[in-house]
Amino acid sequence: MKIAGSAQRSAWTGKWGFIFATAASAIGLGNLWRFPYLAAKYGGGAFLLVYIILVVTFGYALMMAESALGRKTGLSTIGAFSSFGKKYAIIGILASVVPFIITPYYCLIGAWVTKYMVSYLTEPASVIADPTYFSSFILQNNETFLWLLLFILLVVLVIALGVQKGIERVSKVLVIALFVLAIVITGYSLTLPGAMDGLAYFLIPDFSKFSLNLVVAAMGQMFFSLSLAMGIMVTYGSYFKKSEDLEQSVRYIEVFDTLIAFLAGTMIIPAAFAVSGSADAVSAKAGPSLMFGALPQVFQNLGAAGNVIGFIFFALVFAAALTSAISLFEACVSIIADAFHVTRRRAIVAVTIIIGALGVLVDAGYNGLLNVDLMYSLFGIGNYGDDQLLDFFDFISNTILMPIVSLLTCLFVGYVIKPKTIIDEVEQSSEFKGKKLFVVMTKYIAPVFVVTILVSYVLNTMGIISL
Ligand code: TRP
1 MKIAGSAQRS AWTGKWGFIF ATAASAIGLG NLWRFPYLAA KYGGGAFLLV YIILVVTFGY
61 ALMMAESALG RKTGLSTIGA FSSFGKKYAI IGILASVVPF IITPYYCLIG AWVTKYMVSY
121 LTEPASVIAD PTYFSSFILQ NNETFLWLLL FILLVVLVIA LGVQKGIERV SKVLVIALFV
181 LAIVITGYSL TLPGAMDGLA YFLIPDFSKF SLNLVVAAMG QMFFSLSLAM GIMVTYGSYF
241 KKSEDLEQSV RYIEVFDTLI AFLAGTMIIP AAFAVSGSAD AVSAKAGPSL MFGALPQVFQ
301 NLGAAGNVIG FIFFALVFAA ALTSAISLFE ACVSIIADAF HVTRRRAIVA VTIIIGALGV
361 LVDAGYNGLL NVDLMYSLFG IGNYGDDQLL DFFDFISNTI LMPIVSLLTC LFVGYVIKPK
421 TIIDEVEQSS EFKGKKLFVV MTKYIAPVFV VTILVSYVLN TMGIISL
């Protein structure tokens, strides 16, 4: 789908066009890579429960607000907000910063996935399953840079050639294939010794695991996975027809997105248990590398078929990552093109340089080339063990910027344009069933929730309170 520079605003072909296109963009590394490691890190079932509650309340209200705002104004983020008054452009501007922070590390993870996909063609599954395989790969700067540049090049190529449409069409099939394969792999994953403990850990909430950091992480993940609080949904909503049921579409997108994240969890967390043994060991070790350490164990267990399944799996993750990276990159391109009034071609060059440079920076962070502790102390926030620059970028966007954008959006809807503006827009096509929830969420619960979380988070990291 083409967002930037399109002369006329093309409408999605029907409700399912919107649902599939939005789901295909929403489903990506957030579901497959990020969700499982956060769930593993923050106590399994308790995280899952908080996450689901947030998706159906806060996430639902925000997605309704953003997409209705887009459909009403027919504009993308900055324009949509400023059409109600120049000063509100700031919300759109803040939201627009987010894709520039996310895309570099998103592409880096995409690069790791590409590497693993190719590895399953060239090396035996047992070699890839070796615990040192990932850690030695990540320290090979030359090699990781090369994969990163290759991945970015692929993204730019698709955008420059303008062949997104074809890619998006294929991605629908890929999402379904991913779904089927995830179920198969989950089945195998559960046969590993110790896997059942992992399943129990993921599914049964242990309320002693409940913590402030868990809620913060679940909230950030909800924004990331549903592509909220970064202006994307406003733009997508602007392509949505006035006659189609917006609320039902939002529900479907939430269900698909959460289902894939859930499957990724049942696939990866039991496998991680099979490798590490206890819940404490898993949660202590869980980080961005979780998927790359745990899944090769499952594939190795499949014997000769391991290479085939490993390859197909990483190829599907690669496809999901590529389509999301394309949308993210495209979002950056349209922001630059609109903000600086430059041609698309120039914007593409600029974004390639920005994302490439930041991506290389994040990558370099893994080889101790950059002192992450310094970065952390510079911003006055705590370092959590062996976090990397990647975690830092992730932190700035998901824990700081997105909550602020979501807060401003709720206040804007709740008190400036009033919930009625959104409700009227939604009801142009169908009854707004969750109207009451929507009003209460945007006016009261979500703002109070975000402020409470942010303030206690800051006080907690500064050591003034301890939660
Ligand atoms: N939601 C996507 C995922 O889960 C990531 C993402 C964030 C995204 N913002 C986006 C994808 C914008 C496309 C467009 O992986």
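The sequence shown runs 1 to 467 under our numbering. Virtual Cβ for every residue (Gly too), placed ideally from N, Cα, C.
Beta-carbon separation (whole angstroms), residue i vs residue j, contact threshold 8 Å
i           : j           : result
residue 460 : residue 467 : 5 Å
residue 28  : residue 203 : That belief does not hold up - the Cβ atoms of residue 28 and residue 203 are roughly 24 Å apart, past 8 Å.
residue 354 : residue 100 : 7 Å
residue 225 : residue 395 : Not a contact, Cβ separation roughly 16 Å.
residue 293 : residue 134 : 6 Å
residue 290 : residue 43  : Not quite, the Cβ-Cβ distance comes to about 15 Å (not below 8 Å), so this is no contact.
residue 181 : residue 314 : No, residue 181 and residue 314 are not in contact; Cβ-Cβ is about 11 Å, not under 8 Å.
residue 23  : residue 257 : 7 Å
residue 299 : residue 129 : 7 Å
residue 297 : residue 192 : 7 Å
residue 12  : residue 240 : 6 Å
residue 66  : residue 233 : 4 Å
residue 80  : residue 227 : Actually they are not in contact, since the Cβ atoms of residue 80 and residue 227 sit about 16 Å apart, beyond 8 Å.
Buried versus exposed, by CB contacts within 10 Å (16 or more), residue i
i           : result
residue 305 : exposed
residue 431 : exposed
residue 462 : exposed
residue 301 : buried
residue 382 : Unreliable placement is indicated for residue 382, whose pLDDT of 49 sits below 50; the coordinate value is still reported in the next sentence. It is exposed - the Cβ of residue 382 has fewer than 16 other Cβ atoms within 10 Å.
residue 185 : buried
residue 448 : exposed
residue 444 : exposed
residue 339 : exposed
residue 60  : buried
residue 85  : exposed
residue 343 : exposed
residue 122 : exposed
residue 7   : For residue 7, the pLDDT reaches just 41, beneath the cut-off of 50, and the residue's location in the model is therefore unreliable, leaving the point undetermined.
residue 320 : buried
residue 363 : buried
residue 162 : exposed
residue 415 : exposed
Whether residue i touches residue j by CB criterion (8 Å)
i           : j           : result
residue 39  : residue 183 : no
residue 334 : residue 76  : yes
residue 68  : residue 237 : yes
residue 438 : residue 117 : no
residue 18  : residue 254 : no
residue 349 : residue 229 : no
residue 201 : residue 273 : yes
residue 172 : residue 20  : yes
residue 425 : residue 72  : yes
residue 148 : residue 359 : yes
residue 264 : residue 31  : yes
residue 103 : residue 329 : yes
residue 242 : residue 429 : yes
residue 322 : residue 110 : yes
residue 433 : residue 247 : yes
residue 287 : residue 37  : yes
residue 347 : residue 336 : yes
residue 217 : residue 54  : no
residue 356 : residue 231 : no
residue 177 : residue 316 : yes
residue 397 : residue 212 : no
Three-state secondary structure (DSSP) of residue i
i           : result
residue 106 : helix
residue 19  : helix
residue 423 : helix
residue 70  : helix
residue 320 : helix
residue 7   : Bear in mind that a pLDDT of 41 at residue 7, under 50, signals an unreliable position, so the model cannot answer this.
residue 291 : helix
residue 508 : The first residue shown for the chain is 1 and the last is 467, placing residue 508 beyond what the model contains.
residue 297 : helix
residue 343 : coil
residue 147 : helix
residue 230 : coil
residue 64  : helix
residue 36  : helix
residue 464 : coil
residue 279 : helix
residue 42  : coil
residue 432 : coil
residue 415 : helix
residue 13  : coil
residue 310 : helix
residue 454 : helix
Chain C contact for residue i (CB, 8 Å cutoff)
i           : result
residue 238 : Within the model displayed, chain C is absent; a lone protein chain is all it includes.
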